[in-house]
Amino acid sequence: MIKPILQLGNELLRKKASRINNFDNKSLENLVRDLSDTLNEAQKRFCYGRGIAAPQIGESKRIALIGTPSFRSPLVNPKIINASTRKFEIWDSCFSFNTTFFVLIDRHYKITVEYFDMKGERHTVEAENKLSELLQHEIDHLDGILVTDRMKHRKGIMMRSEWIRNFKTCTCKKK
Ligand SMILES: [Zn+2]
């Protein structure tokens with residue numbers, strides 16, 4: 027089911043989400059289906075975004091759905107277990123402010139993330155560059171942290187229209 031995405035200012039986005047202890051059950055499946063439906067709809071609507079975290083649809087649980095062409099998986103209880111000291115700069119946005127604006131932030135270039143699948147099996151994924159940044163963004167949501175908290179400086183903010191003009195990475199076909 028497509029759920030409303032909570033918006034910046036909503037206190038549920040600021041809560042530290044709780045760990046999932048029960049796997050392989052209907053309620054977890056339903057939550058992942060809602061995340062998937064909501065992510066698909068938001069990707070179409072905003073022509074942007076590769077992931078969504080459960081707190082964004084009002085479920086304060088440690089689960090995020092990653093939806094990139096090369097890596098699509100729910101991550102249950104994801105945790106960064108290794109991070110490079112090397113960082114890189116990126117203009118980032120979020121469905122929780124409807125991708126209205128972008129902020130300049132730093133992210134670890136490379137990370138290793140431990141996570142569990144829907145059946146409770148443990149996995150690790152090594153990610154760098156854009157995937158690394160995405161995983162850090164979604165894991166932040168589980169800790170109540172939004173990209174606006176990570177702005178490098180006060181001038182590190184631009185509207186979506188300027189971001190498109192500067193980076194031309196929007197492939198939206200919408201006229
Ligand atoms: Zn976000």
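Residues in the sequence shown are numbered from 27 upward in steps of one, following my numbering. Think of the CB as a built atom: it goes at the ideal place given N, C-alpha and C, for glycine as much as any other residue. Note that this is a predicted model, so its numbers are computed, not measured.
Of the listed residues Ile116, Asn48, Val139, nearest to Ser99 (C-alpha basis): Closest by alpha carbon: Val139.
Minimum C-alpha distance to Arg76 - residue among Ser44, Leu160, Gln33: Nearest C-alpha to Arg76 among Ser44, Leu160, Gln33: Leu160.
Environment of Ile28 [buried if 16+ CB atoms lie within 10 Å]: By the neighbour-count rule (16 or more Cβ atoms within 10 Å), Ile28 is not buried but exposed.
Identity of the residues DSSP links to Ile78 by a beta bridge: Its beta-bridge partners are Leu91.
For Leu101, the first and last residue of its enclosing beta strand (DSSP E): Under the DSSP assignment, Leu101 falls in the beta strand (DSSP E) whose first and last residues are 98-109.
Lys201 in three-state terms, based on DSSP: Residue placement at Lys201 is flagged as unreliable, the pLDDT there being 37, under the threshold of 50; a coordinate-derived value is accordingly withheld.
Where Thr150 falls: helix, strand or coil (DSSP): In the displayed model, Thr150 falls within a strand according to three-state DSSP.
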